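Trainee:
2 protein chains.
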Amino acid sequence: MSDVARVAGVSVMTVSRALKPQTPVSESTRARIEAAAEELGYVLNSTAAGLSSRHSGFVAMTVPSLNNSNFSDTARGLTEGLRGSGFELLLGYTNYDMAEEERLIAAFLRRSPEAIVVTGGAHSARCRSLLKASGVPVIETWDLPADPIDKVVGFSNAEAGRLMAHHLHSQGHRKFGFIGGDGMRDTRGADRRRGFLAALHELGVTEDRVLSEGDPPLSMGEGAAAMTKLLDRWPDTKAVMCVSDLSAFGAMSAAQRCGLSVPADIAIGGFGAYDIAKYALPDITTLDMSAEDIGRKSAEMIVDALSKGGPASLPDRIEIPYKLIVRGSTAA
Amino acid sequence: MSDVARVAGVSVMTVSRALKPQTPVSESTRARIEAAAEELGYVLNSTAAGLSSRHSGFVAMTVPSLNNSNFSDTARGLTEGLRGSGFELLLGYTNYDMAEEERLIAAFLRRSPEAIVVTGGAHSARCRSLLKASGVPVIETWDLPADPIDKVVGFSNAEAGRLMAHHLHSQGHRKFGFIGGDGMRDTRGADRRRGFLAALHELGVTEDRVLSEGDPPLSMGEGAAAMTKLLDRWPDTKAVMCVSDLSAFGAMSAAQRCGLSVPADIAIGGFGAYDIAKYALPDITTLDMSAEDIGRKSAEMIVDALSKGGPASLPDRIEIPYKLIVRGSTAA
DNA sequence: TTGAAAGCGCTACCAC
DNA sequence: GTGGTAGCGCTTTCAA
Chain A
1 MSDVARVAGV SVMTVSRALK PQTPVSESTR ARIEAAAEEL GYVLNSTAAG LSSRHSGFVA
61 MTVPSLNNSN FSDTARGLTE GLRGSGFELL LGYTNYDMAE EERLIAAFLR RSPEAIVVTG
121 GAHSARCRSL LKASGVPVIE TWDLPADPID KVVGFSNAEA GRLMAHHLHS QGHRKFGFIG
181 GDGMRDTRGA DRRRGFLAAL HELGVTEDRV LSEGDPPLSM GEGAAAMTKL LDRWPDTKAV
241 MCVSDLSAFG AMSAAQRCGL SVPADIAIGG FGAYDIAKYA LPDITTLDMS AEDIGRKSAE
301 MIVDALSKGG PASLPDRIEI PYKLIVRGST AA
Chain B
1 MSDVARVAGV SVMTVSRALK PQTPVSESTR ARIEAAAEEL GYVLNSTAAG LSSRHSGFVA
61 MTVPSLNNSN FSDTARGLTE GLRGSGFELL LGYTNYDMAE EERLIAAFLR RSPEAIVVTG
121 GAHSARCRSL LKASGVPVIE TWDLPADPID KVVGFSNAEA GRLMAHHLHS QGHRKFGFIG
181 GDGMRDTRGA DRRRGFLAAL HELGVTEDRV LSEGDPPLSM GEGAAAMTKL LDRWPDTKAV
241 MCVSDLSAFG AMSAAQRCGL SVPADIAIGG FGAYDIAKYA LPDITTLDMS AEDIGRKSAE
301 MIVDALSKGG PASLPDRIEI PYKLIVRGST AA
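As structure tokens, then:
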């Protein structure tokens, strides 16, 4: 920068100002400086700028999995929502592993992000304390934690499961299955299952047919394998909720390969409003949580919380509306 | 850090060393320092560390689209390959837009990344010169550019298109279509189309039936719309290559909704070995470029180029092998 | 509108 | 194995 200053015949301070928009530098000086910077191939060093100004320009985000259109839609919504405010996204994936999430968050915190967006409301104790001590806005998404760290943009996964249970029950089915992942790594998936089963119990259905198959994220392969096992074990099952549309598609595909007709022989519901649910044959009944909106609302919250002009005007908790999309896989 | 030093009764230099693995600090001192850091809730400032050491610890990567399992697989391969070497990934998406790519690369360069991975071999002139002037390893992926900026991990998209043409022709088809995106934004998709058509011409097929629909990335919706139009315009089409498996699935779904049987009435080939191609009914013939390997090899190249011990031992250009996976959508 | 000085928090370098 | 000093490249603050 001092080289640029020398060539342009000004001080480094003036160069620093000229390189930022909306700073008081005369037009002629700015033009001279820009010419000098171009000539020298000068590139501003954001690391030094961040150290000096104590503004890293980073927003950190962790998602369970990159290869999941729900989360990449949320990341896209966040990026779009942040566009123009000068933030860059530090994106990491945890692979549905709390220890990895903790490692990732710790690494991000060393970069002094100005806000942090995480997926879900379940974290290791140390992760929670790191986030609380960070001193910057923290947003938990895709969930409605009972004891949030700071801010929340999400919905109740249990309620979503209940909604699907009521829909399938209303179609006249009485023998239900649920296909999801092993264990509790995907806590949001487990919440959906819990809500689904609770609603069925309330409706008088007492028999559970839960099939857990493989580590999250459940994709088509695990969904197909789970359906094959489920039909083997309980051949009279009439309606199945899958933890995601990807597993629902795999499950439907497996049922069809077994010669079953969907929904005549078996109804299948998914989750997440993935593209695949719309273009499958038949198309798949699903729950749409507007994944991109979750990111967009998070961005709004961040900009709001970080804006200097007065106190934050947005609530700390935004509930995302969601809707059931009834399609051919459950309604003939 | 000076607070930690005071509490532990050592100098800041010793704290700095103790916080990094593999530095000569006595075990007792290190334990004392770690206790002090924990007590104070101290978090290392990587920004300052990067400024001082001139090692940002970043590897930058741009992909056309986040929500595409090919690219997220490559990003995952890169992350996994970099694990343990202490690098963090700065990931951005260009939305298949060269101007956006240039903006993104410029922003990344201000963060002094230690290596840069980009998708494809087509960039704006300014983007090329920025990358060349960066002074760090640059890897172009998913392509085999004639005039690479620096290093390359990829394959020939045109050759991939040729391979699919030969396969479909060998199945006895003589009336071919190609479904891809509008314009030249997706240069790799355009290369596949070029190779596909060139091979057909060589095989004596003179009639082209190219249907371009919508902006990249082409997803199921555009594939379905394109197939509907294609069948409307050229109802006797017998074999179609789609620029990706997602569009192939959409196209197949549209053909089936029109009452056509796949592959008896129309054969459909895709690209990318997505999950959907494996679980669709029928399953879809595709080209597998081992997307994750592209990321993994890129990571190897970076570690190799940045390792201090002697000169780089890997070639500057790694060609990724790919294979045709013949499935039910083209072979009855 | 511009400039000079101080210092952000850390590590390279050299000394012991 | 440990400590002191200088300085990374920028922006803050204050003064002109």
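Sequence order for the protein chains is A and B. With the UniProt record's numbering as the guide, the letters of the first sequence map in order to residues 1 to 332. With the UniProt record's numbering as the guide, the letters of the second sequence map in order to residues 1 to 332. Cβ coordinates follow ideal geometry from the N, Cα and C atoms, glycine included. Quantities reported herein were computed from a predicted structural model and do not represent experimental measurements.
1. Of the choices B:Glu-319, B:Ala-305, B:Lys-323, whose alpha-carbon is the least far from that of Val-138 of chain B?
2. Runs of 4 residues minimum, wholly inside the UniProt domain "HTH lacI-type" (1–53) of chain B: which ones carry the alpha helix (DSSP H) assignment?
3. Residues of chain B with CB under 8 Å from Ser-219 of chain A, in chain order?
4. Among residues of its own chain, excluding the 5 on either side of Met-220 of chain A, which ones have a beta-carbon nearer than 8 Å to its beta-carbon?
5. As a quick exercise: from B:Glu-88, B:Pro-113, B:Ser-65, pick the residue whose alpha carbon is nearest that of Thr-94 of chain B.
6. Going by other Cβ atoms of all chains shown within 10 Å of its Cβ, with 16 needed for buried, is Asp-232 of chain B buried or exposed?
7. Where does Ser-69 of chain B land, buried or exposed, given buried means 16+ other C-beta within 10 angstroms?
8. Alpha carbon to alpha carbon, how far is Ala-264 of chain A from Asp-191 of chain A? Give it in angstroms, no decimals.
9. Tell me, to the nearest whole angstrom, how far the beta carbon of Asp-215 of chain B is from that of Lys-175 of chain B; I am working on the premise that it is less than 8 Å.
10. Might you give, ordered along the chain, the residues of its own chain that have their beta carbon closer than 6 Å to the beta carbon of Gly-270 of chain B, omitting 5 neighbours on each side?
11. Determine the chain B residues that contact Thr-47 of chain A at a beta-carbon separation under 7 Å, and present them in chain order.
12. Which same chain residues end up closer than 6 Å to Val-118 of chain A when comparing Cβ atoms and leaving out the 5 residues on each side of it in sequence?
13. Could you tell me which of A:Ala-8, A:Ala-312, A:Ala-291, A:Phe-155 sits nearest to Phe-71 of chain A, measuring between CA atoms?
14. Whose Cβ in chain B lies nearer than 8 Å to the Cβ of Arg-76 of chain A?
15. 7 Å is my cut-off, CB to CB: does Gln-22 of chain A come that close to chain B?
16. How about Ser-313 of chain B: is its C-beta nearer than 7 Å to some C-beta of chain A?
17. What does Leu-281 of chain B touch in chain A if you count any residue whose Cβ is under 8 Å from its own?
18. Apply the 10 Å Cβ neighbour rule to His-123 of chain B and answer buried if 16 or more other Cβ atoms are within range, or exposed otherwise.
19. 7 Å is my cut-off, CB to CB: does Gly-250 of chain A come that close to chain B?
20. Since I believe Leu-130 of chain B is in contact with Ile-105 of chain B (beta carbons under 8 Å), could you give me their beta-carbon distance rounded to a whole number of angstroms?
21. Buried or exposed for Ser-261 of chain A, please, with buried defined as at least 16 other CB atoms from any protein chain shown within 10 angstroms of its CB.
22. Let me know the secondary structure DSSP gives Ile-105 of chain A once reduced to three states.
23. Got a sec? Which residues, its chain only, sit under 6 Å from Ala-60 of chain B by beta carbon, not counting five neighbours each side?
24. Name the one or two DSSP bridge partners that Met-227 of chain B has.
25. What residues are listed by DSSP as bridge partners for Tyr-93 of chain A?
26. What do you get for Thr-206 of chain A, buried or exposed, if any count of 16 or more other CB atoms within 10 angstroms of its CB means buried?
27. Indicate whether Gly-86 of chain A and Ala-299 of chain A have their beta-carbon atoms separated by less than 7 Å.
28. Start and end of the beta strand (DSSP E) containing Thr-330 of chain B?
29. Would you kindly work out how many angstroms separate the C-alpha atoms of Ala-165 of chain A and Phe-196 of chain A, rounded to a whole number?
30. With distance defined between alpha-carbon atoms, name the residue in B:Asp-150, B:Leu-203, B:Lys-151 nearest to Arg-162 of chain B.
31. Verify the CB distance criterion: does Ala-133 of chain B have a CB-CB separation below 7 Å to chain A?
32. Can you give me the start and stop residues for the beta strand (DSSP E) that Phe-176 of chain A sits inside?
33. My output table needs one value for Cys-242 of chain B: the three-state DSSP class, helix, strand or coil.
34. Starting from Asp-143 of chain A, find everything on chain B with Cβ-Cβ shorter than 7 Å and list it in chain order.
35. Just checking my contact of Arg-317 of chain A with Lys-151 of chain A at CB under 8 Å: how many whole Å lie between their CB atoms?
36. Going by alpha carbons, who is nearest to Ala-255 of chain A out of B:Ile-268, B:Leu-281, B:Asp-275, B:Ile-266?
Mentor: Let's see:
1. Here residue 138 of chain B refers to the residue found at position 138 of the second sequence. Just measuring C-alpha positions, the residue of B:Glu-319, B:Ala-305, B:Lys-323 sitting nearest Val-138 of chain B is B:Ala-305.
2. Entirely contained in the UniProt domain "HTH lacI-type" (1–53) of chain B, the alpha helix (DSSP H) runs reaching 4 residues are, in chain order, 2–8, 12–18, 27–40, 46–53.
3. Stepping through the first sequence from its first residue, residue 219 of chain A is reached at position 219. Against chain B, a Cβ distance below 8 Å from Ser-219 of chain A picks out Asp-275.
4. Counting from one through the first sequence, the residue named residue 220 of chain A turns up at place 220. The beta carbon of Met-220 of chain A sits closer than 8 Å to the beta carbons of Leu-246, Ser-247, Phe-249, Gly-250, Ser-253 from its chain, once the five residues preceding and following it are set aside; these are given in chain order.
5. Position 94 of the second sequence, counted from the start, is the residue given in the question as residue 94 of chain B. Ranking the options by Cα distance to Thr-94 of chain B, first place goes to B:Ser-65.
6. In the second sequence, residue 232 of chain B corresponds to position 232, counting from 1. Asp-232 of chain B is exposed by the Cβ-count criterion.
7. Taking the second sequence and counting its residues from 1, one reaches residue 69 of chain B at position 69. Classification for Ser-69 of chain B: buried.
8. If you number the first sequence from 1, residue 191 of chain A lands on position 191. If you number the first sequence from 1, residue 264 of chain A lands on position 264. So the alpha carbons of these two residues sit roughly 28 Å apart.
9. Your numbering for residue 215 of chain B matches position 215 in the second sequence. Your numbering for residue 175 of chain B matches position 175 in the second sequence. About 27 Å separates the two Cβ atoms, so there is no contact after all.
10. For the purposes of this step, residue 270 of chain B is taken as residue 270 along the second sequence, with counting starting at 1. The answer, listed in chain order, is Cys-242, Asp-245, Ala-248, Ala-277, Ile-284, Thr-286.
11. Start at 1 with the first residue of the first sequence, and residue 47 of chain A comes out as number 47. The contacting residues are Thr-47, Gly-50, Leu-51, Ser-56, Arg-111, Ser-112.
12. Residue 118 of chain A sits at position 118 when you count from the first residue of the first sequence. Same-chain partners within the cutoff: Thr-62, Glu-140.
13. Reading the first sequence from its first residue, position 71 is the one you call residue 71 of chain A. Among A:Ala-8, A:Ala-312, A:Ala-291, A:Phe-155, the Cα nearest to that of Phe-71 of chain A belongs to A:Ala-291.
14. By one-based count along the first sequence, residue 76 of chain A stands at place 76. The answer, in chain order, is Leu-66, Asn-67, Tyr-93.
15. On the first sequence, position 22 is the one that residue 22 of chain A refers to. Contacts with chain B at 7 Å (Cβ-Cβ) do not include Gln-22 of chain A.
16. Looking up residue 313 of chain B in the second sequence gives position 313. Closer than 7 Å: no.
17. On the second sequence, position 281 is the one that residue 281 of chain B refers to. Ser-253, Gln-256, Arg-257, Leu-281, listed in chain order.
18. Within the second sequence, residue 123 of chain B is the residue found at index 123, counting from 1. Classification for His-123 of chain B: buried.
19. Here the question's residue 250 of chain A lines up with position 250 in the first sequence. Interface residue (Cβ-Cβ distance to chain B less than 7 Å): Gly-250 of chain A is classified as such.
20. Taking the second sequence and counting its residues from 1, the one referred to as residue 105 of chain B is at position 105. Taking the second sequence and counting its residues from 1, the one referred to as residue 130 of chain B is at position 130. Correct: roughly 6 Å between the Cβ atoms.
21. Taking the first residue of the first sequence as position 1, residue 261 of chain A is located at position 261. Exposed: under 16 other Cβ atoms inside 10 Å.
22. Residue numbering aside, residue 105 of chain A sits at position 105 when the first sequence is read from its first letter. In this structure, Ile-105 of chain A counts as helix in the three-state DSSP scheme.
23. Numbered from 1 along the second sequence, position 60 holds the residue referred to as residue 60 of chain B. Taking Ala-60 of chain B as the centre and dropping the five residues before and after it, the same chain places the C-beta of Leu-90, Phe-108, Pro-113, Ile-116 closer than 6 Å to its C-beta, in chain order.
24. To locate residue 227 of chain B, count along the second sequence from 1; it is residue 227. The bridge partners DSSP lists for Met-227 of chain B come to none.
25. Residue 93 of chain A sits at position 93 when you count from the first residue of the first sequence. Beta-bridge analysis with DSSP links Tyr-93 of chain A to A:Val-63.
26. As a position in the first sequence, residue 206 of chain A is number 206, starting the count at 1. Counting C-beta atoms within 10 angstroms of its own C-beta, Thr-206 of chain A has fewer than 16 neighbours from the protein chains shown and is therefore classed as exposed.
27. Residue numbering aside, residue 86 of chain A sits at position 86 when the first sequence is read from its first letter. Residue numbering aside, residue 299 of chain A sits at position 299 when the first sequence is read from its first letter. Using a Cβ distance threshold of 7 Å, Gly-86 of chain A and Ala-299 of chain A do not count as a contacting pair.
28. Locating residue 330 of chain B in the second sequence gives position 330, counting from the first residue. No beta strand (DSSP E) contains Thr-330 of chain B, which DSSP labels as neither H nor E.
29. In the first sequence, counting from the first residue as 1, residue 165 of chain A sits at position 165. In the first sequence, counting from the first residue as 1, residue 196 of chain A sits at position 196. CA-CA distance, Ala-165 of chain A to Phe-196 of chain A, rounds to 5 Å.
30. Along the second sequence, read from residue 1 onward, the residue named residue 162 of chain B stands at position 162. When each option's Cα is compared against that of Arg-162 of chain B, the closest is B:Leu-203.
31. Within the second sequence, residue 133 of chain B is the residue found at index 133, counting from 1. So, interface residue.
32. Taking the first sequence and counting its residues from 1, one reaches residue 176 of chain A at position 176. Unbroken beta strand (DSSP E) run through Phe-176 of chain A: 176–180.
33. Indexing the second sequence from 1 puts residue 242 of chain B at position 242. Cys-242 of chain B falls in the strand class under three-state DSSP.
34. The residue labelled residue 143 of chain A in the question sits at position 143 within the first sequence. Per Cβ cutoff of 7 Å: no residues; Asp-143 of chain A is ~21 Å from chain B at best.
35. Taking the first sequence and counting its residues from 1, the one referred to as residue 317 of chain A is at position 317. Taking the first sequence and counting its residues from 1, the one referred to as residue 151 of chain A is at position 151. Yes, they are in contact, since the Cβ atoms of Arg-317 of chain A and Lys-151 of chain A sit about 7 Å apart, within 8 Å.
36. Translated into the one-based positions of the first sequence, residue 255 of chain A becomes position 255. Here the closest residue by C-alpha is B:Leu-281.
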